[in-house]
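First residue of the sequence shown: 5, per my numbering; consecutive thereafter.
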Amino acid sequence: MPLFITYASYSTSGLQGLLAKPEDRGAAIQALMDKVGARVVALYFTTGTNDVVMVSEAADGTDTVALGMAVAASGAVQDVETVRAWTSAEFGDIARKAASLASGYTPPGG
């Protein structure tokens, strides 16, 4: 199944909720992922630009984007970004495909 990496930051209201009721958010996140048949592979809470970094498996990228939108709509998190992750071998295949297409592209003004 494809892998996705999601980055997010707590909003002020999200942090207030976490401080009012400190808890492990992993179960709540996996319960939401279960609704679309996705799985949390790894979940980290970090310092710096992002508060949350999650690696997940989902059959379709639209599921992970929809999940991010649903969570962001709660107001608890902001700056949600989900990207697709590929293994080195998978990305090698993508690079080979790009190499075969590059000569057929005419850039603007070209």
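Think of the CB as a built atom: it goes at the ideal place given N, C-alpha and C, for glycine as much as any other residue.
CB contact flag (residue i, residue j, <9 angstroms)
i   : j   : result
A42 : A62 : yes
A68 : Y11 : As written in the sequence, residue 68 is Thr, which differs from the Ala given in the question. Contact flag unset, no.
I33 : V44 : yes
P6  : D55 : no
G96 : V84 : no
S17 : M37 : no
A46 : M58 : yes
Proximity test, residue i beta-carbon vs the ligand SAH heavy atom, cut-off 8 angstroms
i   : result
V84 : What this structure holds is no ligand at all, so the ligand SAH is not there to describe.
Contacts around residue i, its chain only, beta-carbon distance under 7 angstroms, and the 5 residues preceding and following it disregarded
i   : result
G21 : A80
Buried or exposed by the 16-neighbour rule on C-beta atoms within 10 Å, applied to residue i
i    : result
G114 : exposed
T86  : buried
Cβ-based neighbour list, residue i, same chain, cut-off 6 angstroms, excluding 5 preceding and 5 following
i   : result
A89 : L7 and I9
Q82 : S13 and S15
Length of the line joining the Cα atoms of residue i and residue j
i   : j   : result
R29 : F49 : 10 angstroms
Fully enclosed by the stretch 13-49, which alpha helix (DSSP H) runs are 4 residues long or longer? For the stretch 13-49, whole alpha helix (DSSP H) runs of length 4 or above, ordered along the chain, are 16-24 and 30-38.
Quick check for students: name the residue ranges of the beta strand (DSSP E) that lie wholly in the stretch 49-104, counting only runs of 3 or more. Within the stretch 49-104, the complete beta strand (DSSP E) runs of at least 3 residues are 56-61 and 81-89.
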